[in-house]
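Undergrad: Before I ask anything, here is the structure I am working with.
There are 4 protein chains.
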Amino acid sequence: MSKLRVAVLGARGRIGSEAVRAVEAADDMELVAALGRGDNLETVVESGTQVVVELTTPASVMGNLDFCVRHGMHAVVGTTGWTDDRLAQLNTSLAASPETGVLIAPNFSIGAVLTMKFAQQAARYYESVEVVELHHPNKADAPSGTATRTAQLIAAARAEAGCAPQPDATVTALDGARGADVDGIPVHAVRLRGLLAHQEVLLGGEGETLTIRHDSLHHSSFMPGILLGVRRVVSAPGLTFGLENFLDLG
Amino acid sequence: MSKLRVAVLGARGRIGSEAVRAVEAADDMELVAALGRGDNLETVVESGTQVVVELTTPASVMGNLDFCVRHGMHAVVGTTGWTDDRLAQLNTSLAASPETGVLIAPNFSIGAVLTMKFAQQAARYYESVEVVELHHPNKADAPSGTATRTAQLIAAARAEAGCAPQPDATVTALDGARGADVDGIPVHAVRLRGLLAHQEVLLGGEGETLTIRHDSLHHSSFMPGILLGVRRVVSAPGLTFGLENFLDLG
Amino acid sequence: MSKLRVAVLGARGRIGSEAVRAVEAADDMELVAALGRGDNLETVVESGTQVVVELTTPASVMGNLDFCVRHGMHAVVGTTGWTDDRLAQLNTSLAASPETGVLIAPNFSIGAVLTMKFAQQAARYYESVEVVELHHPNKADAPSGTATRTAQLIAAARAEAGCAPQPDATVTALDGARGADVDGIPVHAVRLRGLLAHQEVLLGGEGETLTIRHDSLHHSSFMPGILLGVRRVVSAPGLTFGLENFLDLG
Amino acid sequence: MSKLRVAVLGARGRIGSEAVRAVEAADDMELVAALGRGDNLETVVESGTQVVVELTTPASVMGNLDFCVRHGMHAVVGTTGWTDDRLAQLNTSLAASPETGVLIAPNFSIGAVLTMKFAQQAARYYESVEVVELHHPNKADAPSGTATRTAQLIAAARAEAGCAPQPDATVTALDGARGADVDGIPVHAVRLRGLLAHQEVLLGGEGETLTIRHDSLHHSSFMPGILLGVRRVVSAPGLTFGLENFLDLG
Numbered sequence: 001m002s003k004l005r006v007a008v009l010g011a012r013g014r015i016g017s018e019a020v021r022a023v024e025a026a027d028d029m030e031l032v033a034a035l036g037r038g039d040n041l042e043t044v045v046e047s048g049t050q051v052v053v054e055l056t057t058p059a060s061v062m063g064n065l066d067f068c069v070r071h072g073m074h075a076v077v078g079t080t081g082w083t084d085d086r087l088a089q090l091n092t093s094l095a096a097s098p099e100t101g102v103l104i105a106p107n108f109s110i111g112a113v114l115t116m117k118f119a120q121q122a123a124r125y126y127e128s129v130e131v132v133e134l135h136h137p138n139k140a141d142a143p144s145g146t147a148t149r150t151a152q153l154i155a156a157a158r159a160e161a162g163c164a165p166q167p168d169a170t171v172t173a174l175d176g177a178r179g180a181d182v183d184g185i186p187v188h189a190v191r192l193r194g195l196l197a198h199q200e201v202l203l204g205g206e207g208e209t210l211t212i213r214h215d216s217l218h219h220s221s222f223m224p225g226i227l228l229g230v231r232r233v234v235s236a237p238g239l240t241f242g243l244e245n246f247l248d249l250g
Numbered sequence: 001m002s003k004l005r006v007a008v009l010g011a012r013g014r015i016g017s018e019a020v021r022a023v024e025a026a027d028d029m030e031l032v033a034a035l036g037r038g039d040n041l042e043t044v045v046e047s048g049t050q051v052v053v054e055l056t057t058p059a060s061v062m063g064n065l066d067f068c069v070r071h072g073m074h075a076v077v078g079t080t081g082w083t084d085d086r087l088a089q090l091n092t093s094l095a096a097s098p099e100t101g102v103l104i105a106p107n108f109s110i111g112a113v114l115t116m117k118f119a120q121q122a123a124r125y126y127e128s129v130e131v132v133e134l135h136h137p138n139k140a141d142a143p144s145g146t147a148t149r150t151a152q153l154i155a156a157a158r159a160e161a162g163c164a165p166q167p168d169a170t171v172t173a174l175d176g177a178r179g180a181d182v183d184g185i186p187v188h189a190v191r192l193r194g195l196l197a198h199q200e201v202l203l204g205g206e207g208e209t210l211t212i213r214h215d216s217l218h219h220s221s222f223m224p225g226i227l228l229g230v231r232r233v234v235s236a237p238g239l240t241f242g243l244e245n246f247l248d249l250g
Numbered sequence: 001m002s003k004l005r006v007a008v009l010g011a012r013g014r015i016g017s018e019a020v021r022a023v024e025a026a027d028d029m030e031l032v033a034a035l036g037r038g039d040n041l042e043t044v045v046e047s048g049t050q051v052v053v054e055l056t057t058p059a060s061v062m063g064n065l066d067f068c069v070r071h072g073m074h075a076v077v078g079t080t081g082w083t084d085d086r087l088a089q090l091n092t093s094l095a096a097s098p099e100t101g102v103l104i105a106p107n108f109s110i111g112a113v114l115t116m117k118f119a120q121q122a123a124r125y126y127e128s129v130e131v132v133e134l135h136h137p138n139k140a141d142a143p144s145g146t147a148t149r150t151a152q153l154i155a156a157a158r159a160e161a162g163c164a165p166q167p168d169a170t171v172t173a174l175d176g177a178r179g180a181d182v183d184g185i186p187v188h189a190v191r192l193r194g195l196l197a198h199q200e201v202l203l204g205g206e207g208e209t210l211t212i213r214h215d216s217l218h219h220s221s222f223m224p225g226i227l228l229g230v231r232r233v234v235s236a237p238g239l240t241f242g243l244e245n246f247l248d249l250g
Numbered sequence: 001m002s003k004l005r006v007a008v009l010g011a012r013g014r015i016g017s018e019a020v021r022a023v024e025a026a027d028d029m030e031l032v033a034a035l036g037r038g039d040n041l042e043t044v045v046e047s048g049t050q051v052v053v054e055l056t057t058p059a060s061v062m063g064n065l066d067f068c069v070r071h072g073m074h075a076v077v078g079t080t081g082w083t084d085d086r087l088a089q090l091n092t093s094l095a096a097s098p099e100t101g102v103l104i105a106p107n108f109s110i111g112a113v114l115t116m117k118f119a120q121q122a123a124r125y126y127e128s129v130e131v132v133e134l135h136h137p138n139k140a141d142a143p144s145g146t147a148t149r150t151a152q153l154i155a156a157a158r159a160e161a162g163c164a165p166q167p168d169a170t171v172t173a174l175d176g177a178r179g180a181d182v183d184g185i186p187v188h189a190v191r192l193r194g195l196l197a198h199q200e201v202l203l204g205g206e207g208e209t210l211t212i213r214h215d216s217l218h219h220s221s222f223m224p225g226i227l228l229g230v231r232r233v234v235s236a237p238g239l240t241f242g243l244e245n246f247l248d249l250g
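Have a look at this one:
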């Protein structure tokens, strides 16, 4: 089997340089180009790239993707900053190149994606659900974006299934004790030296609890998700948003 | 909406008496019969039962189900001891009553079923998977049947996805340190006073781990699964094996 | 060795009846009296009681203890509602009976006491400490009294050791995300169906974390602490406040 | 207050170079020498070193310590390979220099040391104790040395307190399911990609469990222990074995 020809844009960044190594290490891929800021995109075409891994900046990503799509190169995109306008614009480009696939993923950690998916699936079967996220103390926001998103997905799944509100007999509480309220789901944020990025979804029903915990110890944990995206995007024309669409959860 | 008319067989047993209370407490069900050893099955027919909850013994279950199916009553079965022969015999009964549904579930704990399902789904995405089960010290077998079954399902999912064997550089080990080997998946059994029934599936990949933990604190945890079975079996003709088939995991 | 002669006051309450069984089951004790509301205290003296287990109400406890101390009977007290005034009054009684011992314990769970003790001991060695308590959703207060007390003890230990304030770079937070502030220690309260009473103390430093977790599954967990108190109070004249004073933590 | 003058031997190794940075970053210390293989020990004397941090090899450590003690320099030693003979020889050197202190620590992780200490303290109060250690899959031995040592300390504490054997009704077990037996304490070893070094001590009694968990994420976790050793060894003449002797656990 011939190897997939892959180029990395943003190859000198923290995640980009990790992606370069991961593509090089993958048996079924060949790294044919690795571009940093200022490098010429034409190199990518000349190298015969089939899939571009886009890890640059919100300022560059639209131009880069427009170029890729026009040249029929598939793309796996980790760059953030997506708005409805931007997605509409990308869909317009893709309409003109119906065999090209683009995967945009806000999170390439398979564990984070599975945690959200499992939490959504389980949410309707339990009376109570809470989220506890734990991070290093240098983090600026609380709760984390992933925890907020997880809680929103849980709340939506429960609403769709017609779940009753969660039981909570709290009468007297210290401010903040019961966490932040995200669409009715309590979310607690712990900040502790020695931690990196961790998240627990706790689900409870009569006589039992179910806990789904994701521990992320290094950004190398994004690489299996990026490689999975590269392998799958070549047979997924059009726009795919979210890595979960490429996981086989049958 | 009229209520589902439910009968419980084995109603004086530990789980059966709990089931009686659970059916009585359910808004959408009416308990129309509760039979113990020696009671006459005709009562069930006379009471207009739609669904029978079968919680008796391997010695009684075949006769009871044959009776139910012949009278067009659906059944939700927690009694164990199923062999291929018994299942074939039950299928023959059902063939003659094509609108009747029977659900047999080795485990009515929704948490245990979800844990197995999620473990199967996630198994292919991680290099390493191990199972740790923890129970009270009066338990006679190690590992638990649920843990063994979970490990088998994980192993099968990995085989189907073509996963490589798990990495393990152990050279010198004390006997037993690395647990029991169930189809290549290490399974560890902890026995501790103060515990009831708990299970953890640990999955690990480059830079991240995913943990799915189920804590079962009381056999009342089987009730939501039994009630779910009752609600769903009326529109699921034929034989269904395993509660997971009635969970919406879309 | 002759057995310790023990009486239980409040013997018909939930904890009291458990204590009656625990004393009866202990090899080194003999239950000589078990009194409920309205029973005559003289019975206790007549039965030759050496140690009284006091599990009544704040309204009864002072009279009961005054009676015990005057008759030279030691006491192990689980009844709550202690104020400085009440303690002073009890000390006055004890001064007149210098060989009599009284143990008052706000918490007879050895696990809860050890958790607090270990948290205090470890607190000075870590940059960050947070407390997460998890209870059933019928609980009226958040955080639990035990969690608040644990946080206060941790804060005091850190102040005494001259620890710097905890690092926390949070700039934007949802209300409540970072928990309640108890003397500078964040405390988070989870309420989940299926849980009983659980507490985790998380300590974090450069490159490592230490977690102390206590899971309380049944109020039978108070019995080993009560029995330990009975055995030790006979050789501990005067007032002892807190079960931790009777634990050998050398 | 004048700063402690510290030298690091083995300064170019993995731990040594981390120690150099840690000493430089400490407000109350001054790094006055950092020697690697082949460097001249006289430098250390000339630099006015008060405390030497010894992180070399078993082949070098005896000569280095003999030199330090003769020159009245205190030492904090992380090098391994200590036998009774070697300790006796070191004690002889120290006898001739009665004001000099040497700390040898098999483990400088404060969390590991606290875990062992707490496990020993709690062990006598619980019917059941088991140890679960979890490491990356490149580890050659199972269980880890720390887990084996922890189990031995627990067993010794239980023997001293006269604890009964642990309850375990297991009749049928798969080989290895119940872990390795270390002096009667079951020890389980998990090997999982994505993990580093983790250990859990589980203690269980009637109605409750206590869990002490240590997660070690980076060898930088040894630094606070080394710095603590440096600060304390100057006022602890003679040989001290084990960092726990320098922890204030009152």
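Protein chains in written order, with full-length UniProt numbering: chain A, 1 to 250; chain B, 1 to 250; chain C, 1 to 250; chain D, 1 to 250. Where is the CB? At the ideal position from N, CA and C, for every residue including glycine.
Using the beta-carbon of each residue, which ones in chain D are nearer than 8 Å to residue 128 of chain B?
TA: Here residue 128 of chain B refers to the residue found at position 128 when the second sequence is read from its first residue. Simply 137, 191, 192, 193, 194.
Undergrad: What does residue 172 of chain D touch in chain B if you count any residue whose Cβ is under 7 Å from its own?
TA: Translated into the one-based positions of the fourth sequence, residue 172 of chain D becomes position 172. The contacting residues are 140, 141.
Undergrad: Taking residue 220 of chain C as the reference, give the member of C/17, C/8, C/6, C/73 with the closest Cα.
TA: For the purposes of this step, residue 220 of chain C is taken as the residue at position 220 of the third sequence. Ranking the options by Cα distance to residue 220 of chain C, first place goes to C/17.
Undergrad: Give the secondary structure of residue 130 of chain D by DSSP, where H, G and I count as helix, E and B as strand, and everything else as coil.
TA: For the purposes of this step, residue 130 of chain D is taken as residue 130 along the fourth sequence, with counting starting at 1. Here residue 130 of chain D sits in strand by DSSP.
Undergrad: Tell me the start and end of each unbroken beta strand (DSSP E) in the UniProt domain "Dihydrodipicolinate reductase N-terminal" (5-108) of chain B that is at least 3 residues and wholly inside, in chain order.
TA: Runs of the beta strand (DSSP E) inside the UniProt domain "Dihydrodipicolinate reductase N-terminal" (5-108) of chain B: 29-35, 51-54, 74-77, 101-104.
Undergrad: To which residues does DSSP link residue 201 of chain B through a beta bridge?
TA: Within the second sequence, residue 201 of chain B is the residue found at index 201, counting from 1. B/131, B/212, per the DSSP bridge assignment.
Undergrad: Residue 219 of chain B by DSSP, collapsed to three states: which one?
TA: Position 219 of the second sequence, counted from the start, is the residue given in the question as residue 219 of chain B. Here residue 219 of chain B sits in helix by DSSP.
Undergrad: DSSP three-state call for residue 186 of chain D: helix, strand or coil?
TA: The sequence position of residue 186 of chain D within the fourth sequence is 186, counting from 1. Three-state result, residue 186 of chain D: strand.
Undergrad: Hey, quick one: how far does the alpha helix (DSSP H) through residue 111 of chain D stretch, first residue to last?
TA: Residue mapping note: residue 111 of chain D aligns to position 111 of the fourth sequence, counting from 1. Run containing residue 111 of chain D: 110-123, per the alpha helix (DSSP H) assignment.
Undergrad: Output, in sequence order along the chain, the residues in the stretch 214-227 of chain C whose CB is closer than 7 Å to any CB in chain B.
TA: Under the 7 Å Cβ criterion, the stretch 214-227 of chain C contributes 217.
Undergrad: In whole angstroms, what is the alpha-carbon distance linking residue 153 of chain B and residue 176 of chain D?
TA: Position 153 of the second sequence, counted from the start, is the residue given in the question as residue 153 of chain B. Position 176 of the fourth sequence, counted from the start, is the residue given in the question as residue 176 of chain D. Roughly 20 Å separates the two Cα atoms.
Undergrad: Within the same chain, show all residues whose beta-carbon is closer than 7 Å to that of residue 45 of chain D, passing over the 5 residues directly before and after it, in chain order.
TA: Taking the first residue of the fourth sequence as position 1, residue 45 of chain D is located at position 45. Cβ within range, chain order: 71.
Undergrad: Any beta carbon from chain B within less than 8 Å of residue 168 of chain D's own beta carbon?
TA: Position 168 of the fourth sequence, counted from the first residue, corresponds to residue 168 of chain D. So yes, residue 168 of chain D belongs to the interface.
Undergrad: Among the residues of its own chain, which have a CB less than 7 Å from the CB of residue 158 of chain D, if the five just before and after it don't count?
TA: Here residue 158 of chain D corresponds to residue number 158 of the fourth sequence, with the count starting at 1. Excluding sequence neighbours, residue 158 of chain D sits near 123, 124.
Undergrad: Go ahead and label residue 215 of chain B buried or exposed: buried means 16 or more other beta carbons lie within 10 angstroms of its beta carbon, across all protein chains shown.
TA: For this step, residue 215 of chain B is matched to residue 215 along the second sequence. Classification for residue 215 of chain B: buried.
Undergrad: Return the CA-CA distance between residue 86 of chain B and residue 132 of chain A, expressed in angstroms with no decimal places.
TA: Along the second sequence, one-based indexing puts residue 86 of chain B at 86. Along the first sequence, one-based indexing puts residue 132 of chain A at 132. Approximately 46 Å between the Cα atoms of the pair.
Undergrad: Quick check on residue 232 of chain D: does DSSP put it in helix, strand or coil?
TA: Here the question's residue 232 of chain D lines up with position 232 in the fourth sequence. Correct three-state label for residue 232 of chain D: helix.
Undergrad: Using a cut-off of 7 Å between C-beta atoms, extract the partners of residue 211 of chain D located in chain G.
TA: Given the protein chain composition of this structure (A, B, C and D), no chain G is represented.
Undergrad: Pull up the DSSP beta-bridge partners for residue 241 of chain D, would you.
TA: Here residue 241 of chain D is taken as the residue at index 241 of the fourth sequence, counted from 1. The partner list for residue 241 of chain D (beta bridge, DSSP) reads D/104.
Undergrad: Would residue 201 of chain A count as contacting chain C if we go by Cβ distances under 8 Å?
TA: For the purposes of this step, residue 201 of chain A is identified with residue 201 of the first sequence, where counting begins at 1. No - not a single Cβ of chain C is within 8 Å of the one on residue 201 of chain A.
Undergrad: Could you name the residues of chain B that residue 175 of chain D contacts, counting a contact when the two beta carbons are closer than 9 Å?
TA: Residue numbering aside, residue 175 of chain D sits at position 175 when the fourth sequence is read from its first letter. Under the 9 Å cutoff, chain B gives 175, 176, 180, 181.
Undergrad: Tell me the rounded alpha-carbon separation between residue 195 of chain C and residue 234 of chain D.
TA: In the third sequence, counting from the first residue as 1, residue 195 of chain C sits at position 195. In the fourth sequence, counting from the first residue as 1, residue 234 of chain D sits at position 234. Approximately 50 Å, taken between the alpha carbons.
Undergrad: Can you pull the chain A neighbours of residue 205 of chain C, defined as C-beta to C-beta under 7 Å?
TA: Within the third sequence, numbered from 1, the residue matching residue 205 of chain C stands at position 205. Within chain A, the residues near residue 205 of chain C are 193, 194.
Undergrad: Going by DSSP, name the residue or residues bridged to residue 172 of chain B.
TA: On the second sequence, residue 172 of chain B is found 172 positions in, with the first residue counted as 1. Residue 172 of chain B is bridged to D/141.
Undergrad: Taking C-beta pairs closer than 9 Å, name the residues in chain D that residue 115 of chain C reaches, listed in chain order.
TA: Walking along the third sequence from the start, residue 115 of chain C turns up at place 115. By Cβ distance, chain D contributes 210.
Undergrad: Report the rounded CA-to-CA distance for residue 160 of chain A versus residue 121 of chain A, giving the unit in angstroms.
TA: The residue labelled residue 160 of chain A in the question sits at position 160 within the first sequence. The residue labelled residue 121 of chain A in the question sits at position 121 within the first sequence. Looking at the two C-alpha atoms, the distance is approximately 11 Å.
Undergrad: Starting from residue 181 of chain B, follow its DSSP beta bridges and name the residues at the other end.
TA: Within the second sequence, residue 181 of chain B is the residue found at index 181, counting from 1. Answer is B/186.
Undergrad: So, is the C-beta of residue 71 of chain D closer than 8 Å to a C-beta in chain B?
TA: In the fourth sequence, counting from the first residue as 1, residue 71 of chain D sits at position 71. Chain B, which has no Cβ nearer than 8 Å to the Cβ of residue 71 of chain D, makes this no.
Undergrad: Restricting to Cα atoms, I'd like to know which of D/187, D/217, D/79 is closest to residue 197 of chain A.
TA: As a working mapping, residue 197 of chain A is identified with position 197 in the first sequence. Comparing Cα positions, the closest option is D/217.
Undergrad: What number of angstroms, rounded off, separates the C-alpha of residue 130 of chain C from the C-alpha of residue 201 of chain C?
TA: Translated into positions along the third sequence, residue 130 of chain C becomes position 130. Translated into positions along the third sequence, residue 201 of chain C becomes position 201. Rounded to the nearest angstrom, the two C-alpha atoms are 6 Å apart.
Undergrad: Are the stretch 81-96 of chain A and the stretch 229-244 of chain A touching, with three or more C-beta to C-beta distances below 8 Å?
TA: Yes: the two stretches touch, three or more of their Cβ pairs being nearer than 8 Å.
Undergrad: Going by alpha carbons, who is nearest to residue 163 of chain D out of D/172, D/126, D/40, D/4?
TA: Mapped onto the fourth sequence, residue 163 of chain D falls at position 163. Checking every option, the nearest Cα to that of residue 163 of chain D belongs to D/126.
Undergrad: Looking at the structure shown, is residue 191 of chain B part of a helix, part of a strand, or coil, going by DSSP?
TA: Along the second sequence, read from residue 1 onward, the residue named residue 191 of chain B stands at position 191. Strand.
Undergrad: Looking at the C-beta of residue 111 of chain B, does it have a partner C-beta in chain A at a distance below 8 Å?
TA: As a first step, residue 111 of chain B is located in the second sequence; it is residue number 111 there, counting from the start. Yes - at least one Cβ of chain A is within 8 Å of the one on residue 111 of chain B.
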